[in-house]
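A.B. asks: Numbering (our numbering), first residue to last: 453 to 519.
Don't be surprised by glycine CBs; every beta carbon is placed ideally from N, CA and C.
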């Protein structure tokens, strides 16, 4: 980042921060929610427990996701 002329970068991540020489400070807490539209859920088995979510089609979000 410094080589690109950046003095500050904001990243959304969860601790622990791997040993990278960066300093991590919490600025705020933001609740996470999982939502789906009624149209998306039509024709699918409704999830009753968290483990059921793995059976639904989804997009993944994360540092090493492949879509």
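(1) Assuming residue 508 and residue 496 are in contact, meaning their beta carbons sit under 8 Å apart, how far apart are those beta carbons, in whole angstroms?
(2) Whole angstroms is fine: what's the gap from residue 459's alpha carbon to residue 474's?
(3) Apart from the five residues just before and just after residue 505, which ones in its own chain have a Cβ nearer than 6 Å to its Cβ?
(4) Would you please verify whether the beta carbon of residue 509 is less than 7 Å from any beta carbon of chain D?
(5) Let me know the secondary structure DSSP gives residue 490 once reduced to three states.
C.D. replies: Looking at the coordinates:
(1) Yes, residue 508 and residue 496 are in contact; Cβ-Cβ is about 6 Å, under 8 Å.
(2) Those two C-alpha atoms are separated by around 12 Å.
(3) Setting aside the 5 residues that flank it on each side, residue 505 is surrounded in the same chain by 499, each with a C-beta closer than 6 Å to its C-beta; the list follows chain order.
(4) Included in the structure is just one protein chain, with no chain D present.
(5) Secondary structure of residue 490 (DSSP, three-state): helix.
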